[in-house]
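Scroll down for the structure; my scribbles are underneath it.
Residue numbers (the working numbering): 1 to 602.
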């Protein structure tokens, strides 16, 4: 069986997955009549949210789209008009921040479920002193992006040093947020680009894109999905056409992101030919390459359920386009747990609202593309040491506590098939009388993240640098005790942007040093496509299939290690797209967990 049982594992981070895994466990050929308590945890990104850095322009900003009387920054001319930003201070330097710049028209009404429309140049002057709204998603503070949601959400943000007197164009780093393709926003304090821009003398850009069903509905009315990815691509084109006006070099763009953002980066690199030429290198943080992508036909079932829930079954698409966006967001979660024929889908289908292989825009699964030699741009690729802990915590919470041996084995059978289960248990271990959460955490960490990433790295045809983030002193999931003392999914993010104070903590000297080192590597890579430019940093050897050297990112001292993920040959033999289980395997596994009795199937 393919990994799609765990396909909702990506920030919310895959947290809607908890509800769906119960459906999967309780279904193997029909509809389950039951109610599942929805998971309350959304994207970890905003779990951390506190006040956004705010230093206003020197006078009132006036109406939206109107230039303040006195602009605190230089007035920047763009293809959509003159842009005025604000001044902030980061790393003892002044930084110009240009926030909420629109790069596309509203996605509401007739533009819903269409390719993004470039912003018209009718706006004469733009007040870019505050973030734009995040795209529509479930509001569940403190786990949601701050501020309001709107379908008029396609904006981007730019940070640059205030002192650009030498007139040299700077490298550009474009950030894509994660959120299980269900949530997230560029206005999250965790992603404030001011410090990274100041510290590394780079131009940092972050962007919004449509999420959930509004960004990825496919399979009905001729919709081929991937609207969120097309939003990202349009933002990259805007950067190409305008970033030089902000002091950035359009020929030195590095694309970087984490989790669903890293998945997006991987797709632009490996699976979307039309994105070629928009960036020259990439950094992928915690890309779950072990999760395959569904096809348009596999996405149809979820789309049909949503259409029915919204009262538009049998009607033209105009019916869906006039439904309130809040209702779409509400019912997309219900549709995800009311899929009628789960085993008819590969496990990719269980990340219901996500990119699809449409054959024209997104043409191939990235692991297939990597195997064909298309991983041909300079890349930094890495994961955290304990990626799986967060998600196993959600599974055990949904199942009512500790993971028994019977449940542990049954899940392995469901995901990997009975033929592989014995070898997996022998390799990772089992506690016959106690909790098996740690064993499953290691399996998910290795299979979905570490080894799947190494599979791609082994097939790269350009310079590639791998890392493992092992720093476990900060838990950005304070409500999840399982992540205490672990380097969990997402724990690297405050170090990437040096946003400790933005999320309500303060780095120790050792943590501050690690953050500066990570920014140094990331900035050097953006400047030279090689993280080794900075003399004060430990040399980072390029990855090769024979040596498999990794940089170990940990305080107080960095180190390198050879093949720190030792089980990858085993997982490579099993493969990263196993297909669904047989009905017999599914029934036996579910029965062993005692999950069949008492539920009716149509």
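By construction, the Cβ of each residue, glycine as well, lies at the ideal position given by its N, Cα and C atoms.
Its chain contains 446, 450, 451 and 454 as the residues whose beta carbon lies nearer than 7 angstroms to that of residue 565, once the 5 sequence neighbours on both sides are disregarded; these appear in chain order. Taking all protein chains shown into account, residue 266 has 16 or more neighbouring C-beta atoms within 10 Å of its C-beta and is therefore buried.
Here residue 280 has 251, 252, 253, 254, 377, 378 and 529 as same chain residues with Cβ atoms under 8 angstroms from its own Cβ, once five neighbours each way along the sequence are excluded.
Under the DSSP assignment, residue 367 falls in the alpha helix (DSSP H) whose first and last residues are 366 to 371.
Contact fails between the stretch 286 to 295 and the stretch 196 to 208, because fewer than three Cβ pairs, one in each stretch, are under 8 angstroms apart. Sixteen is the threshold: since fewer than 16 other Cβ atoms of the shown chains lie within 10 Å of the Cβ of residue 556, the residue is exposed. For the pair residue 234 and residue 116, the CB atoms are nearer than the 7 angstroms cut-off. Counting along the chain, no alpha helix (DSSP H) covers residue 96; the unbroken beta strand (DSSP E) around it starts and ends at 93 to 102. Of the residues assessed, residue 535 falls on the exposed side of the cut-off, its CB having fewer than 16 other CB atoms within 10 angstroms.
Annotation: the continuous beta strand (DSSP E) that includes residue 159 extends over 155 to 161. Look at residue 256 here: in three-state DSSP terms it is strand.
With a cutoff of 7 angstroms on beta-carbon distance, residue 133 and residue 106 are scored as not near each other. For residue 550, no alpha helix (DSSP H) run applies; the uninterrupted beta strand (DSSP E) run containing it begins and ends at 549 to 553, by DSSP.
Between residue 113 and the set 408, 553, 417 and 323, the nearest pair of CA atoms involves 323. With contact defined as three or more Cβ pairs closer than 8 angstroms, the stretch 259 to 273 and the stretch 173 to 185 are in contact. As DSSP reads the structure, residue 465 sits in a beta bridge with 380. Scanning its chain for C-beta atoms nearer than 8 angstroms, with the 5 sequence neighbours on each side dropped, one finds around residue 139 the residues 149, in chain order. Between residue 302 and residue 356, the gap from beta carbon to beta carbon reaches 7 angstroms or more.
The continuous beta strand (DSSP E) containing residue 285 extends over residues 281 to 285. By DSSP's assignment, residue 176 forms a beta bridge with 257. Boundaries around residue 125 are those of the beta strand (DSSP E), 125 to 127, since no alpha helix (DSSP H) includes it. Under the three-pair Cβ rule at 8 angstroms, the stretch 366 to 376 counts as touching the stretch 456 to 476. Residue 307 and residue 326 have their C-alpha atoms spaced approximately 14 angstroms apart.
In this structure the stretch 418 to 425 does not lie against the stretch 490 to 507, because fewer than three pairs of beta carbons, one per stretch, are closer than 8 angstroms. With contacts defined by Cβ atoms closer than 7 angstroms, residue 128 and residue 100 form a contacting pair. When secondary structure is reduced to three states using DSSP, residue 320 falls in the helix class.
Close CB contacts of residue 439 within its chain, under the 7 angstroms cut and outside five residues either way in sequence, are with 408, 428, 429 and 430 (chain order).
At a Cβ-Cβ threshold of 7 angstroms, residue 186 and residue 208 count as neighbours. According to the DSSP assignment, residue 501 belongs to no beta strand (DSSP E), since it is labelled neither H nor E.
DSSP places residue 75 in the coil class of the three-state scheme, outside both helix and strand. The stretch 508 to 518 makes contact with the stretch 545 to 560: 3 or more CB pairs, one atom from each, lie closer than 8 angstroms.
Within the DSSP bridge table, the entry for residue 560 names 551 as partners. By the CB criterion at 7 angstroms, residue 278 and residue 236 fall inside the cutoff. Of the candidates 575, 552, 81 and 97, the residue whose Cα lies closest to the Cα of residue 88 is 97.
A straight line joining the alpha-carbon of residue 171 with that of residue 571 spans about 37 angstroms. Taking C-beta separations shorter than 8 angstroms and ignoring five residues to either side along the sequence, the partners of residue 532 in its chain run 524, 539 and 540, following chain order.
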